[in-house]
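*Asks:* Handing you this structure, nothing more for now.
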Amino acid sequence: MSSYEVELPDLAAMESFAGRIAERLRAGDALALSGSLGTGKTTLARFILRFLGQSGEIPSPTFTIVELYEALRIPAVHADFYRLETPDELEEIGLDDYRQGAVLLAEWPERAGGFTHESGCLSVTLDFTEEGRVASVEGNSDWLERLP
Ligand SMILES: Nc1ncnc2c1ncn2[C@@H]1O[C@H](COP(=O)(O)OP(=O)(O)OP(=O)(O)O)[C@@H](O)[C@H]1O
Ligand SMILES: [Mg+2]
Numbered sequence: 035m036s037s038y039e040v041e042l043p044d045l046a047a048m049e050s051f052a053g054r055i056a057e058r059l060r061a062g063d064a065l066a067l068s069g070s071l072g073t074g075k076t077t078l079a080r081f082i083l084r085f086l087g088q089s090g091e092i093p094s095p096t097f098t099i100v101e102l103y104e105a106l107r108i109p110a111v112h113a114d115f116y117r118l119e120t121p122d123e124l125e126e127i128g129l130d131d132y133r134q135g136a137v138l139l140a141e142w143p144e145r146a147g148g149f150t151h152e153s154g155c156l157s158v159t160l161d162f163t164e165e166g167r168v169a170s171v172e173g174n175s176d177w178l179e180r181l182p
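Set out below in structure tokens:
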């Protein structure tokens with residue numbers, strides 16, 4: 035496991051960081067997007083979905099919890115677990131079924147019990163800086179050879 039920081043002073047930096055993640059994603063991965071309210075989790079997920087081929091609208095999954103993108107280069111599940119009461123609700127939602135053959139882009143992953151026990155988990159924690167944002171990046175074993 036290795037951890038490092040990436041400076042993201044503006045949206046252009048966010049977009050190029052998203053591109054580096056998107057070109058490395060594989061089906062089955064979980065991208066755990068942490069960070070307090072407004073740090074840019076949805077922004078990063080949207081840029082990644084664009085790179086994966088989503089040309090239409092990308093609604094925030096704040097209220098639906100899960101949004102599916104099946105017609106992409108790699109299918110994707112964009113989730114926001116902020117409103118989850120307990121991780122048990124994941125079964126009702128059927129998250130594991132949606133994740134088959136897809137990448138998971140998860141906002142508020144800790145509310146879903148976290149994904150860091152999965153070998154394909156890439157954790158990105160966003161934080162505010164004076165200019166923009168900074169990301170702490172930590173990849174599990176499947177990511178060692180392809181960290182963004
Ligand atoms: N690197 C950046 N530099 C400057 N502003 C940014 C950056 N990334 C995102 N923003 C801005 O931050 C705002 C909040 O972003 P966003 O909605 O993606 O946050 P979030 O982490 O998903 O919030 P929530 O916790 O409510 O889901 C947006 O206005 C977005 O344009
Ligand atoms: Mg969000």
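In my numbering, the protein residues as written are 35 to 182. Don't be surprised by glycine CBs; every beta carbon is placed ideally from N, CA and C. Model, not experiment: these values are computed from the prediction.
For ligand 1, is there any heavy atom lying closer than 6 Å to the beta carbon of Asp131?
*Replies:* For the purposes of this step, residue 131 is identified with residue 97 of the sequence shown, where counting begins at 1. No, the Cβ of Asp131 stays beyond 6 Å of every heavy atom of ligand 1.
*Asks:* Per DSSP, what are the beta-bridge partners of Asp114 in this structure?
*Replies:* On the sequence shown, position 80 is the one that residue 114 refers to. According to DSSP, Asp114 bridges with Glu141.
*Asks:* Run the CB neighbour count on Leu139, radius 10 Å, all protein chains shown included, and call it buried at 16 or more, exposed below.
*Replies:* Walking along the sequence shown from the start, residue 139 turns up at place 105. Buried, because 16 or more other Cβ atoms sit within 10 Å of the Cβ of Leu139.
*Asks:* Evaluate Ala105 with the Cβ neighbour count: other Cβ atoms within 10 Å of its Cβ, from every protein chain shown; 16 or more gives buried, anything less gives exposed.
*Replies:* In the sequence shown, the residue the question calls residue 105 occupies position 71. Taking every protein chain shown into account, the CB of Ala105 has fewer than 16 other CB atoms within 10 angstroms, so this residue is exposed.
*Asks:* Have a look at Ala136 and Ala169 and give me their C-alpha separation to the nearest angstrom.
*Replies:* For the purposes of this step, residue 136 is taken as the residue at position 102 of the sequence shown. For the purposes of this step, residue 169 is taken as the residue at position 135 of the sequence shown. One C-alpha to the other measures close to 24 Å.
*Asks:* Could you check how far apart the C-beta atoms of Glu141 and Phe115 are, in whole angstroms? I think they sit under 8 Å.
*Replies:* Taking the first residue of the sequence shown as 1, we reach residue 141 at position 107. Taking the first residue of the sequence shown as 1, we reach residue 115 at position 81. Contact flag correct, Cβ pair sits at about 7 Å.
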